């Protein structure tokens, strides 16, 4: 029987309704562990004999692909794939996929929520009020503030749409802009440094790759206004966390809202003492709508691939072309 591994922490039972389409198609389902800290040896052990895996945050390295010759598909739940060595997957004939378009609205909502939280000191007010203090911390306006978006893909576009409801001025850096969208939504395209210089809120929406590693460093942070906030709901690797910690702790910038981290779970508690930082556990896409939409696409991807049909969301179509020859 063909086996599919499920490595998502939220799904613990192999008879869960989400995987019913796979079982009804005749596939065996087994459960793995989807943490970024999962050892490669454990990933390999879990994948032995598996034809496909629904991947969480665990690493898929060249070593994994070499050790798992039966593997035909890595389907990443979500849109980030920095844990998957796509060139190595391609070399070993493994199709790699993501589920584009299944979580953008939720991440855009979360980014906007962090902006409002920071502007109105919502988390700080909640903590102090629960602690017995009746104290008001003056905030800043989101209304008509300048929002700087770094990366104007699906999620960045979603944030821009939401910002219009607050009459914000929206500026953005995007190397391959959708000109129609930019014009329709009154967005000003500027250089990246100008986003950091001009914005009251800078929100990051780029993938993690070599070119974006620690993109937000001490130099970029030094360009920001002292009254400005940084929002990251994308990938932790985009930010030099030591430089950001120094900037928010010293008051060099006003604060930060962070949902993505270089190490997950966090290996330090240093952020918790900072009242001008809102910390969330990479939960932006953790909504019921995203879960449903993601599983619908995951099931289509797995079933199509194992039936010999080209799947959606494929990252390395050259593997599929080779199979067809």
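In the working numbering, the protein residues as written are 5 to 329. Every residue, glycine too, gets a C-beta built ideally from N, C-alpha and C. In this text the structure is predicted, and so the values were computed from the model without any measurement.
Going by DSSP, residue 7 is part of the beta strand (DSSP E) stretching over 7 to 10. Distance from the CA atom of residue 326 to the CA atom of residue 303, rounded to whole angstroms, is 23 angstroms. In chain order, 90 and 100 place their CB closer than 6 angstroms to the CB of residue 319, counting only its own chain and leaving out the 5 sequence neighbours on each side.
For residue 219, no alpha helix (DSSP H) encloses it, and the DSSP letter there is neither H nor E.
For residue 34, the uninterrupted beta strand (DSSP E) segment begins and ends at 32 to 35. With 16 or more other Cβ atoms from the protein chains shown falling within 10 Å of its own Cβ, residue 241 counts as buried. Per DSSP, reduced to three states, the secondary structure at residue 308 is helical. At a Cβ-Cβ threshold of 8 angstroms, residue 191 and residue 203 do not count as neighbours. Sequence-distant partners of residue 171 (beyond 5 residues in either direction) whose C-beta falls short of 7 angstroms from its own C-beta, in its chain, are 147 and 148. For residue 98, the three-state secondary structure derived from DSSP is coil. By the criterion of a C-beta distance shorter than 8 angstroms, residue 53 is surrounded in its chain by 7 and 74, once the five residues flanking it on both sides are discounted.
Around the beta carbon of residue 106, a 10 Å sphere encloses 16 or more other beta carbons of the protein chains shown; the residue is thus reported as buried.
With fewer than 16 other Cβ atoms inside 10 Å of its own Cβ, residue 138 counts as exposed.
If you compare the alpha carbons of 316, 273, 265 and 260 with that of residue 86, the shortest gap goes to 265.
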